[in-house]
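Q: What follows is a single structure, and I will ask about it in a moment.
In the UniProt record's numbering, the protein residues as written are 1 to 116.
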């Protein structure tokens, strides 16, 4: 099981490196082009930045899932983790404004209606 997770991690790292190489090639091409294409270059940079953020989110999600899997292996640690998460959500909900609380409640009711 750990070897599968490390293999997934290596695949993600390789994908990140490939994405970085592609973005560098595209940026190099942009430098050669005329300055009249600056607006197109700006759009392209925004897209590249979005892809980089998306990859960072995937890496963070992978790390979080590995952490959760390690905790699940030990029932005591898993119970402590769930308690921490529950307390965090209670603090988070206490800090919401009344309109946010109402909006969350309406979303919850809507989801329940959709399930029926």
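The beta carbon of each residue, even a glycine, is placed where N, CA and C say it ideally should be.
Treat the numbers as computed from the prediction; the structure is a model and nothing was measured.
Rounded to a whole number of angstroms, what is the C-alpha to C-alpha distance between residue 15 and residue 51?
A: Here residue 15 refers to the residue found at position 15 of the chain shown. Here residue 51 refers to the residue found at position 51 of the chain shown. Going from the Cα of residue 15 to the Cα of residue 51 covers about 11 angstroms.
Q: Taking the alpha-carbon positions, what's the residue 91 to residue 57 distance?
A: Residue numbering aside, residue 91 sits at position 91 when the chain shown is read from its first letter. Residue numbering aside, residue 57 sits at position 57 when the chain shown is read from its first letter. In a straight line, the C-alpha of residue 91 is about 24 angstroms away from that of residue 57.
Q: Once DSSP output is grouped into helix, strand and coil, what is the label at residue 23?
A: Here residue 23 is taken as the residue at index 23 of the chain shown, counted from 1. Three-state DSSP puts residue 23 in a helix.
Q: Based on Cα-Cα distance, which residue from 112, 96, 68 lies nearest to residue 85?
A: Start at 1 with the first residue of the chain shown, and residue 85 comes out as number 85. Minimum Cα distance to residue 85 is reached at 68.
Q: To the nearest angstrom, how far is the alpha carbon of residue 104 from that of residue 116?
A: As a position in the chain shown, residue 104 is number 104, starting the count at 1. As a position in the chain shown, residue 116 is number 116, starting the count at 1. So the two alpha carbons sit approximately 19 angstroms from each other.
Q: Are residue 55 and residue 19 close, meaning C-beta to C-beta below 8 angstroms?
A: Along the chain shown, read from residue 1 onward, the residue named residue 55 stands at position 55. Along the chain shown, read from residue 1 onward, the residue named residue 19 stands at position 19. A contact, by the Cβ cut-off of 8 angstroms.
Q: What do you reckon, are the CB atoms on residue 83 and residue 77 nearer than 8 angstroms?
A: Counting from 1 along the chain shown, the entry for residue 83 is found at position 83. Counting from 1 along the chain shown, the entry for residue 77 is found at position 77. It is not a contact, given that the beta carbons lie outside the stated cut-off.
Q: Specify, as a first and last residue, the run of the alpha helix (DSSP H) that residue 94 falls within.
A: Within the chain shown, the letter at position 94 stands for residue 94. Where residue 94 is concerned, the enclosing alpha helix (DSSP H) stretches over 75 to 94.
Q: Looking at residue 12 and residue 59, is the spacing between their C-beta atoms short of 8 angstroms?
A: Sequence index remark: in the chain shown, residue 59 carries index 59 (1-based). Sequence index remark: in the chain shown, residue 12 carries index 12 (1-based). Against a cut-off of 8 angstroms, the Cβ pair of residue 12 and residue 59 comes out as a contact.
Q: Could you have a look at residue 65 and say whether DSSP puts it in helix, strand or coil?
A: By 1-based counting over the chain shown, the position of residue 65 is 65. Residue 65 falls in the helix class under three-state DSSP.
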